[in-house]
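K.L.:
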Amino acid sequence: MAPAKQKTAKVSRNPDLTRGVGKFSRSKMYHKRGLWAIKAKNGGTFPSHEKKPEEPAPAAVKPVKFYPADDVKKPLANKRKPKPTKLRASITPGTVLIILAGRFKGKRVVFLKQLSSGLLLVTG
């Protein structure tokens with residue numbers, strides 16, 4: 113019996129900045145992966161493969177509902193004082209930033225200024 117091959121971990125060509133946000137844009141990865149060559153080789157369309165019929169998934173067993181018998185603990189008082197937020201030295205007006213969270217995550221924006229509340233004012 114031949115020894116089993118050890119699987120190597122898949123390494124992405126587009127490293128993540130944060131979960132779901134890659135370093136490179138979609139159009140950059142299109143060219144990096146060479147998809148333009150595959151499309152050109154197949155007469156301007158991507159090759160399509162027929163899908164295999166899916167088997168129905170087994171019904172999931174619902175977990176038993178749990179109700180805690182003990183009282184819920186009261187959270188401790190927060191004594192944190194609001195301080196002005198510090199901005200890293202490399203972020204100056206005109207710097208291109210990448211949004212890491214929210215609806216526009218992964219989009220590039222230009223930094224304008226930091227508001228008194230600590231929020232960053234950006235455009236783009």
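My numbering applies: residue 113 is where the sequence shown begins, and numbers increase by one. Heads up, the beta-carbon is just placed ideally off N, CA and C, and yes, glycines get one too. Bear in mind the structure is a predicted one, so any value in this text is a computation, not a measurement.
Could you check where the beta strand (DSSP E) with residue 225 kicks off and where it finishes?
P.N.:
As a first step, residue 225 is located in the sequence shown; it is residue number 113 there, counting from the start. Per DSSP, residue 225 belongs to the beta strand (DSSP E) from 220-226.
K.L.:
For residue 210, which residues does DSSP report across the bridge?
P.N.:
Here the question's residue 210 lines up with position 98 in the sequence shown. Residue 210 is bridged to 220.
K.L.:
Inspect the beta-carbon positions of residue 218 and residue 137 and report whether they are closer than 9 angstroms.
P.N.:
Along the sequence shown, read from residue 1 onward, the residue named residue 218 stands at position 106. Along the sequence shown, read from residue 1 onward, the residue named residue 137 stands at position 25. Yes, the pair counts as a contact, with Cβ atoms nearer than the cut-off.
K.L.:
With a threshold of 8 angstroms, are at least 3 pairs of Cβ atoms found where one atom belongs to the segment 117-132 and the other to the segment 141-157?
P.N.:
At 8 angstroms Cβ cutoff, the stretches touch.
K.L.:
From what residue to what residue does the beta strand (DSSP E) around residue 129 run?
P.N.:
As a first step, residue 129 is located in the sequence shown; it is residue number 17 there, counting from the start. Residue 129 -> beta strand (DSSP E) spans 128-130.
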